[in-house]
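Everything on this sheet refers to the single structure shown next.
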Amino acid sequence: MERLRAYRYHLAALFTVSVWGATFVSTKVLIAHGLTPAWIFFLRFALAYACILPLAPRRLWLGSAADEALALAAGVTGGSLYFLTENIALQYAPASNVSLIVCTAPLWTALLLGALDRRERMTRRQTAGSLIAFAGMVLVVLNGRFVLRLSPAGDLLALSAALLWMLYSLLVKRILGRCEALLVTRKIFFYGLATISPALFAGAGAPPAWLLARPAVWGNLLFLGLVASMLCYLVWNAVIRRLGAVRATNYIYFNPLVTMLTAALFIGERITAAAMAGAALILSGMWMAERGGTPRRTQ
Numbered sequence: 005m006e007r008l009r010a011y012r013y014h015l016a017a018l019f020t021v022s023v024w025g026a027t028f029v030s031t032k033v034l035i036a037h038g039l040t041p042a043w044i045f046f047l048r049f050a051l052a053y054a055c056i057l058p059l060a061p062r063r064l065w066l067g068s069a070a071d072e073a074l075a076l077a078a079g080v081t082g083g084s085l086y087f088l089t090e091n092i093a094l095q096y097a098p099a100s101n102v103s104l105i106v107c108t109a110p111l112w113t114a115l116l117l118g119a120l121d122r123r124e125r126m127t128r129r130q131t132a133g134s135l136i137a138f139a140g141m142v143l144v145v146l147n148g149r150f151v152l153r154l155s156p157a158g159d160l161l162a163l164s165a166a167l168l169w170m171l172y173s174l175l176v177k178r179i180l181g182r183c184e185a186l187l188v189t190r191k192i193f194f195y196g197l198a199t200i201s202p203a204l205f206a207g208a209g210a211p212p213a214w215l216l217a218r219p220a221v222w223g224n225l226l227f228l229g230l231v232a233s234m235l236c237y238l239v240w241n242a243v244i245r246r247l248g249a250v251r252a253t254n255y256i257y258f259n260p261l262v263t264m265l266t267a268a269l270f271i272g273e274r275i276t277a278a279a280m281a282g283a284a285l286i287l288s289g290m291w292m293a294e295r296g297g298t299p300r301r302t303q
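Just so we're aligned: the sequence shown equals residues 5 to 303 in the numbering used here.
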C-alpha cells in the first residue's frame, strides 16, 4: 500500500512537468498576440490566486515571521523573478541554450542539498540515472542541432533561473514541514503577484479588453492560470513534501520532452532521430534513478 501511494506521487510529478512542458506553446501563442511576459505571468498568477482563495485556510499570516519570509522568498524564486529571468534570457540567447541551462535545476538541487545534508545525498545508481537523463535532455533540447551559440547575458540569466528554481524547491520543502499546502501555495501566488508589480509599471500598459476577449488569448490564460499554476503548483508542492526536493526535481528532465511533443503536434516543429534517442535516455535514466532507492535519508 505504501509503494502504491509513492507511485501516485511519481505520476503526479510526471503530470505536473507534462503540463509545464506544454506551457511553452501557450506562452508563445500569447506573446504572438501581443502580451508581454510580465503580463502573462501576472494574469496567470492572478487567476490562480482568485481560484485558490476560497479553498485555502482564511488565516492572514503563517505561523511565524520566519515562515512568512520563506513564503515571500518562494514567491520570488518560484514565481516573479524566475519567470522574468527565464523570459528575458530568451531575448538574448537562443531557446535551445535557455532550455538546456534551465533544465540543469535537478543537478544543482542534488549538489546543494547533498552538501547541506549528508542524509540527502543520492546513491551511486541515482547519480548515474540522473546523468543519463540529463544527457537525454540535452539531445531533446538540441533536437539534432549540435551547435550552441554562446550568449553571456542570456546564458547567465538562464543559469539564474535554474538556480532560482532550485532554491524554490528547497524553500518549499522546508516550509511544508510546518504549514498547510493550500495556505503555502496561496501565499506563493500572492507574493509572486506583489513582486512582479514593479515590472508591470516599468513596461507597457495593461493589455486592452478586446485582446483578452479573443478565444485564443483567454483560453490559453485559463490553461496557464488554472491548470499550469493553481493545480500544478499545489501538486508539485505535495510531491516535494512526499518525495523530497531531489527526486521531485529530477522529473524536470521530462519538461523538454513534453515541449518537443507539444510543439510537434500544435506548431509543426520537426522531431529528429537525435531527439528520439534523447527521449529514450530520459526514460531509462529516470527508471534507473528511481530503482536506485531513496537518497540517504533518515525519517
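Every residue gets a Cβ at the ideal spot worked out from N, C-alpha and C, and that includes glycine.
Apart from sequence neighbours up to five positions away, the residues of its chain that approach Y255 with a beta-carbon distance below 7 Å are A17, L18 and V21, ordered along the chain. Considering only L160, K191 and V29, the residue with the shortest C-alpha distance to G67 is K191. The shortest CA-to-CA distance from L163 to any of M280, R178 and L111 is the one to L111. Residue nearest to N241 within the set G79, A206 and A220 is G79 (criterion: CA-CA distance). The count of Cβ pairs closer than 8 Å, one atom from the region 221 to 229 and one from the region 29 to 37, reaches three, so the stretches are in contact. For C55, the enclosing alpha helix (DSSP H) stretches over residues P41 to I56. Inter-residue distance for M292 and I179 is about 30 Å (C-alpha atoms, whole angstroms). Around the beta-carbon of G83, 16 or more other beta-carbon atoms lie within 10 Å, marking it buried. The count of Cβ pairs closer than 8 Å, one atom from the region 180 to 200 and one from the region 49 to 66, reaches three, so the stretches are in contact. Per DSSP, W65 is not a residue of any alpha helix (DSSP H), being assigned neither H nor E. Selection F227, M264, P41 and Y257 evaluated against A139 yields Y257 as nearest (Cα-Cα). Between the region 35 to 55 and the region 171 to 187, the count of Cβ pairs shorter than 8 Å is below three; the stretches do not touch.
Approximately 7 Å separates the beta-carbon atoms of H37 and L215; this is inside 8 Å, confirming the contact.
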